[in-house]
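A.B. asks: Take this structure, written in structure tokens, and hold onto it; I'll ask about it next.
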Amino acid sequence: MTAVTEMLKATEAAVVSRVSLRDINRVIDERILPDAFVSLDNGRHVLAGACSFIAFYFESAKRLTSEERLFAIKTAGPRLTRSRALAWAALLREDWTVRDEFLTIDLLPFVKGTSERLDDLGAAREIVCTSDDILGGTPVIRGTRVPVYDVAAAVAAEYPIE
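Going by our numbering, the first residue of the sequence shown is number 34, and it counts up by one from there.
In structure tokens, the structure reads:
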């Protein structure tokens with residue numbers, strides 16, 4: 034499983050958060066996440082655990098104002114910072130409820146969803162290999178010469194899997 038503290042590439046964060054790469058760039062540029070959860074060293078990276086906040090921010094956009102969403106992220110941010118040393122299983126046992134006067138927001142569904150998608154990302158990483166001897170270093174499905182980009186394009190084009 035991907036660690037809570039792992040920094041994901043922007044493209045990986047987009048997949049885990051279920052948003053577009055453009056949305057990830059917006060999160061970084063507009064400082065929607067606390068600075069501690071983002072790195073600009075050697076490209077754009079986002080803390081794996083913070084993907085739950087990104088998913089929350091965009092999925093709740095039709096129901097909550099940006100001010101309330103930002104308040105929830107700002108309030109829950111220190112919990113994630115304190116929990117960085119924990120495994121995902123322990124993180125899922127934490128209280129992810131945010132209260133603001135009469136409004137109560139439960140972030141746990143977003144934390145769970147992020148955990149599940151990080152498992153999927155980890156599984157995908159395990160079946161991909163890269164070697165200069167195979168297609169000049171193009172990432173391929175392990176044990177084949179099938180480029181992962183071809184598989185992704187076929188899935189995006191909705192070609193039948195059979």
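For every residue, glycine included, the Cβ atom is placed at its ideal position computed from N, Cα and C. Source: prediction; values computed, not measured.
1. Count the other CB atoms, across all protein chains shown, that sit within 10 Å of the CB of residue 194; report buried if there are 16 or more and exposed otherwise.
2. What three-state label does DSSP hand residue 183 in the structure shown?
3. Just list the residues that DSSP pairs residue 138 with in beta bridges.
4. List the whole-angstrom C-beta distance separating residue 97 from residue 83, where the pair is believed to meet the contact cut-off of C-beta under 8 Å.
5. Looking at C-alpha atoms only, which residue of 145, 165, 175 and 185 is the closest neighbour of residue 122?
6. Which whole-angstrom value is the C-beta distance of residue 147 and residue 49, which I expect to be below 8 Å?
7. Going by DSSP in three states, residue 95 sits in which element: helix, strand or coil?
8. With residue 140 and residue 109 assumed to form a contact (beta carbons below 8 Å), what rounded beta-carbon distance in angstroms separates them?
9. Are residue 167 and residue 158 close, meaning C-beta to C-beta below 8 Å?
10. Would you kindly check if the distance between the Cβ of residue 78 and the Cβ of residue 85 is under 8 Å?
11. On the criterion of 16 or more Cβ atoms from any shown chain inside 10 Å, does residue 164 qualify as buried, or is it exposed?
12. Grab the span of the alpha helix (DSSP H) containing residue 49 for me, first residue to last.
13. Kindly indicate the opening and closing residues of the alpha helix (DSSP H) around residue 125.
14. Hey, residue 138 and residue 187: beta-carbon distance below 8 Å or not?
15. Three-state secondary structure (DSSP) at residue 87?
16. From which residue to which residue does the beta strand (DSSP E) around residue 80 run?
17. Along the chain, where does the alpha helix (DSSP H) containing residue 57 start, and where does it finish?
C.D. replies: Taking the coordinates as given:
1. Here residue 194 is taken as the residue at index 161 of the sequence shown, counted from 1. Counting Cβ neighbours within 10 Å, residue 194 comes out exposed, since fewer than 16 surround it.
2. For this step, residue 183 is matched to residue 150 along the sequence shown. Residue state, collapsed to three classes: helix.
3. Sequence index remark: in the sequence shown, residue 138 carries index 105 (1-based). According to DSSP, which records beta bridges pairwise, residue 138 is partnered with 131.
4. Residue mapping note: residue 97 aligns to position 64 of the sequence shown, counting from 1. Residue mapping note: residue 83 aligns to position 50 of the sequence shown, counting from 1. Going by Cβ atoms, the distance from residue 97 to residue 83 rounds to 18 Å, so no, they are not a contact pair.
5. Working through the sequence shown from its first residue, we reach residue 122 at position 89. Looking at the Cα atoms, 145 is the closest of the given residues.
6. In the sequence shown, counting from the first residue as 1, residue 147 sits at position 114. In the sequence shown, counting from the first residue as 1, residue 49 sits at position 16. Confirmed, about 6 Å.
7. Within the sequence shown, the letter at position 62 stands for residue 95. Residue state, collapsed to three classes: coil.
8. Taking the first residue of the sequence shown as position 1, residue 140 is located at position 107. Taking the first residue of the sequence shown as position 1, residue 109 is located at position 76. Their Cβ separation, rounded to whole angstroms, is 6 Å, which keeps residue 140 and residue 109 in contact under 8 Å.
9. As a first step, residue 167 must be located in the sequence shown, where it is residue number 134. As a first step, residue 158 must be located in the sequence shown, where it is residue number 125. Result no, Cβ atoms of residue 167 and residue 158 do not sit closer than 8 Å.
10. As a first step, residue 85 must be located in the sequence shown, where it is residue number 52. As a first step, residue 78 must be located in the sequence shown, where it is residue number 45. The answer is no: Cβ separation not under 8 Å.
11. The residue given as residue 164 occupies position 131 in the sequence shown. Residue 164 comes out exposed.
12. One-based indexing of the sequence shown puts residue 49 at position 16. Its alpha helix (DSSP H) spans residues 43–50.
13. Residue 125 sits at position 92 when you count from the first residue of the sequence shown. Segment: none, residue 125 is in no alpha helix (DSSP H) and carries neither H nor E.
14. Counting from one through the sequence shown, the residue named residue 138 turns up at place 105. Counting from one through the sequence shown, the residue named residue 187 turns up at place 154. Contact: no.
15. Translated into the one-based positions of the sequence shown, residue 87 becomes position 54. Reduced to three states, the DSSP call for residue 87 is helix.
16. For this step, residue 80 is matched to residue 47 along the sequence shown. Segment 78–80, the beta strand (DSSP E) holding residue 80.
17. Taking the sequence shown and counting its residues from 1, the one referred to as residue 57 is at position 24. That run of the alpha helix (DSSP H) goes 54–62.
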